[in-house]
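What the sequence shown shows, in this note's numbering, is residues 660 to 797, in sequence order. Built from N, CA and C at the ideal position, the CB exists for glycine as well.
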Amino acid sequence: MLRLAHFADIHVGATLGHGPKDPDGIPARLKDQESSAVQMAKDIVAAECNAVLCSGDGFRVNNPTATEERAFQRMLQVFSAAGLPCYAVPGNHDIGSGGEANALEVFQCDYFRLRSVPAWEVATAGPLDDERPLFNLL
660 MLRLAHFADI HVGATLGHGP KDPDGIPARL KDQESSAVQM AKDIVAAECN AVLCSGDGFR
720 VNNPTATEER AFQRMLQVFS AAGLPCYAVP GNHDIGSGGE ANALEVFQCD YFRLRSVPAW
780 EVATAGPLDD ERPLFNLL
C-alpha cells in the first residue's frame with residue numbers, strides 16, 4: 660500500500676510582525692514555524708509514509724530570506740535523512756513574475772523534486788488522467 664503524506668500553505672516567513680525577536684533578530688514566530696515544520700516531518704517519517712507531497716506556498720513570498728530558507732531546509736533534512744522523497748508544486752506565494760525563479764527551486768535535489776508549471780496552467784489543466792500524471796512517484 661502506498662502511503663502519501665500531504666502538506667500545503669505553511670507560508671514560512673509569514674510573521675506578520677507577531678512576537679518578539681531573539682537577540683539575533685529572528686522573529687519568535689519564524690522559530691515556531693521551523694519547529695512545527697520539523698515536527699511535522701518527524702511525524703510523517705514515523706507514520707512510515709512512502710512519499711510526501713507539498714502543494715505549494717512553502718514561503719510567504721517568492722524571495723524568502725536566507726533565514727526563512729534555512730527553516731524550510733531543516734524540515735527537508737528530516738525527509739532526506741529518512742530517505743523519504745518529497746514532491747512539490749509551487750503555489751502562488753512561491754512563484755515570481757516573469758522569468759524569476761520560484762522560492763522552491765533552490766531546494767531541488769534527489770529527495771525534493773519540483774513540478775514547475777505556471778499557476779494558470781495548474782488552475783486550467785482540468786482533471787488528471789493516466790495519460791498525463793502530475794508526478795511519477797514510483
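Check your understanding: Whose C-beta lies closer than 6 Å to the C-beta of P749 among residues of the same chain, with five residues either side of it excluded?
Key -> Excluding positions up to five away in sequence, the list reads G715, N761 and L763.
Practice item. Provide the residue(s) that pair with C745 in DSSP beta bridges, ordered along the chain. Key: V711 and F771.
Practice item. Counting only the same chain and skipping the five closest in sequence on each side, list residues whose C-beta sits under 7 Å from that of P679. Key: Around P679: A687.
Review point. Do you know offhand how far A673's Cα is from G755's?
Key: So the alpha carbons of these two residues sit roughly 17 Å apart.
Check your understanding: Which residues share a DSSP beta bridge with A667?
Key -> A667 is not bridged to any residue.
Exercise for review: Would you mind stating whether V704 and A747 have Cβ atoms separated by less than 7 Å?
Suggested key: Taking 7 Å as the Cβ cut-off, V704 and A747 do not qualify as a contacting pair.
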